[in-house]
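Enquirer:
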Amino acid sequence: MVRTELRMARRPGAALSLIGAALVSLPAFAGEPPQVLAKPAAAPEAEAPKRVFREWNPEGRRDPFEFRSQETVEERPEPARRPEPAAPPELPQPDRRPSQPGETSLRQARQFVETKAADAEAYLAVQSFDKVLEACTEGLNKVKDAQIADQALVERLERLRATAQRLKARLEIEEEFRKLGIEIQGVVWEPGNPLALIKGRSVRRGDTVENALVEQIGPAEVIFLYKGVRCRKSIGR
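Sequential numbering of the sequence shown, starting at 2, is according to the working numbering.
1) If we ignore side chains and look at the alpha-carbon of each, how far apart do LYS117 and ALA170 end up?
2) Looking only at its chain, what residues have a beta carbon closer than 6 Å to the beta carbon of GLN109, apart from the 5 residues adjacent to it on each side?
3) So, for CYS137: in the same chain, excluding its five sequence neighbours on each side, which residues have a beta-carbon less than 6 Å away from its beta-carbon?
4) Figure out for me which residue from ARG111, ALA165 and VAL210 has the closest Cα to the Cα of ALA126.
5) Between which residues of its own chain and GLU216 is the CB-CB distance below 6 Å, once the five residues before and five after are set aside?
6) Classify LYS200: buried if its beta carbon has 16 or more other beta carbons within 10 angstroms, exposed otherwise.
7) I'd like the span of the alpha helix (DSSP H) that includes ALA165, first residue to last.
8) Report the residue from TYR124, ALA119, LEU172 and ARG111 whose alpha carbon sits nearest the alpha carbon of ASN142.
9) First and last residue of the beta strand (DSSP E) that includes VAL230?
10) Pull up the distance between the alpha-carbon of ILE236 and that of GLY207, whole angstroms please.
11) Does DSSP put GLU1 in a helix, in a strand, or in coil?
12) Could you give the DSSP three-state label for ALA197: helix, strand or coil?
13) The beta strand (DSSP E) with GLU222 in it runs from where to where?
14) With which residues is ARG202 paired in a DSSP beta bridge?
15) Tell me whether LYS180 is buried or exposed, calling it buried when 16 or more other Cβ atoms sit within 10 Å of its Cβ.
16) Shortest alpha-carbon distance to ARG167 belongs to which of VAL230, PRO90 and LEU92?
17) Could you tell me if LEU27 is buried or exposed, where buried requires 16 or more neighbouring beta carbons within 10 angstroms of its beta carbon?
18) Give the straight-line distance between the Cα atoms of GLN186 and LYS145, rounded to the nearest whole angstrom.
19) Would you decide whether VAL114 is buried or exposed? Buried here means 16 or more other CB atoms lie within 10 Å of its CB.
20) Can you give me the Cβ contacts of LEU198 inside the same chain, cut-off strictly under 6 Å, excluding the 5 residues immediately before and after it?
21) Please list, in chain order, all residues of the same chain as ALA221 whose beta carbon is under 8 Å from its beta carbon, the five residues on each side excluded.
22) Please classify ALA213: is it buried, with 16 or more other beta-carbons within 10 angstroms of its beta-carbon, or exposed?
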């Protein structure tokens, strides 16, 4: 009815009066206030998805410049840290104390003696007998002072020294024999009774010339024994 009356009203004043009459004619609910319908809340706008860069993962070989779309950023919990490994038990360290002075001096003394023995052998090869004797004497003295218990090394030095002494004595005797001036003028060779002509006289095996014993007469030479050393003399020399 009210709606019909409103449509019929053409003037603004008449329309207002009709609206007021309609409001007065509405029935009142006893003890219940009129309800005001609240405007429904607008739905929250969907938050635009954020673009985030992918995290670099060396194991997965992912491209660090590629990004993921339509992905929300979430706070990731910090990964649990692995417990640090316990320190290994301390192992007993080897004894690295410097060698005792006695051990060092003994080792050095042994090296010194071995060096002298090698030098003596080298000098003996070139017939430098005086240097051989000097090296052997120094080596044996060091063995005695340092109390080196090496019988093989001692025997080596003693053998070198004895050889040098024998060869040196032989050279000295041969030189002394040459100074006697014995010359073989000729030989009368007979297989059973040879003769040698020395300084104008004939000598046989067993005769002595200038303290040199005629030991053997050969077709071209005579062998003398002088102070324990055999010395040879050829004809014309």
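Quick reminder that beta carbons are idealized off the backbone N, C-alpha and C, glycines included. Small disclaimer: the values here were computed from a predicted structure and weren't measured.
Expert: In this structure, then:
1) Numbered from 1 along the sequence shown, position 116 holds the residue referred to as residue 117. Numbered from 1 along the sequence shown, position 169 holds the residue referred to as residue 170. Answer to the nearest angstrom: the Cα atoms are 22 Å apart.
2) Counting from one through the sequence shown, the residue named residue 109 turns up at place 108. Correct list: empty, nothing qualifies.
3) Looking up residue 137 in the sequence shown gives position 136. Excluding five sequence positions before and after CYS137, the CB atoms of its chain that fall closer than 6 Å to its own CB belong to ALA121, LEU158, LEU161 and ARG162, given in chain order.
4) Position 125 of the sequence shown, counted from the first residue, corresponds to residue 126. The closest CA to that of ALA126, considering only ARG111, ALA165 and VAL210, is found on ALA165.
5) Residue mapping note: residue 216 aligns to position 215 of the sequence shown, counting from 1. Cβ within range, chain order: ILE224 and LEU226.
6) By one-based count along the sequence shown, residue 200 stands at place 199. Under this definition LYS200 is an exposed residue.
7) Along the sequence shown, read from residue 1 onward, the residue named residue 165 stands at position 164. Residues 152-179.
8) By one-based count along the sequence shown, residue 142 stands at place 141. Looking at TYR124, ALA119, LEU172 and ARG111, the one whose alpha-carbon comes closest to that of ASN142 is ARG111.
9) Numbered from 1 along the sequence shown, position 229 holds the residue referred to as residue 230. Segment 230-235, the beta strand (DSSP E) holding VAL230.
10) Mapped onto the sequence shown, residue 236 falls at position 235. Mapped onto the sequence shown, residue 207 falls at position 206. In a straight line, the C-alpha of ILE236 is about 19 Å away from that of GLY207.
11) Look at the range of the chain in this structure, 2 to 238, and you will see that residue 1 is not part of it.
12) By 1-based counting over the sequence shown, the position of residue 197 is 196. DSSP places ALA197 within a strand segment (E or B) once states are collapsed to three.
13) As a position in the sequence shown, residue 222 is number 221, starting the count at 1. Counting along the chain, the beta strand (DSSP E) containing GLU222 begins and ends at 222-227.
14) Counted from its first residue, the sequence shown places residue 202 at position 201. Paired residue(s): ILE199.
15) Counted from its first residue, the sequence shown places residue 180 at position 179. Burial call: exposed.
16) Numbered from its first residue, the sequence shown carries residue 167 at position 166. Closest by alpha carbon: VAL230.
17) What you label residue 27 is simply residue 26 of the sequence shown in a count that begins at 1. Residue placement at LEU27 is poorly supported in this model, since its pLDDT is 48, which falls under 50; the coordinates still yield a value, given next. With fewer than 16 other Cβ atoms inside 10 Å of its own Cβ, LEU27 counts as exposed.
18) By 1-based counting over the sequence shown, the position of residue 186 is 185. By 1-based counting over the sequence shown, the position of residue 145 is 144. If you take the alpha carbons of GLN186 and LYS145, they lie about 55 Å apart.
19) If you number the sequence shown from 1, residue 114 lands on position 113. Label assigned to VAL114: buried.
20) Within the sequence shown, numbered from 1, the residue matching residue 198 stands at position 197. Only GLN186 and GLY187 meet the Cβ criterion.
21) Against the sequence shown, residue 221 aligns to sequence position 220. So the list reads VAL188, SER235 and ILE236, once near-sequence residues are dropped.
22) Along the sequence shown, read from residue 1 onward, the residue named residue 213 stands at position 212. Classification for ALA213: buried.
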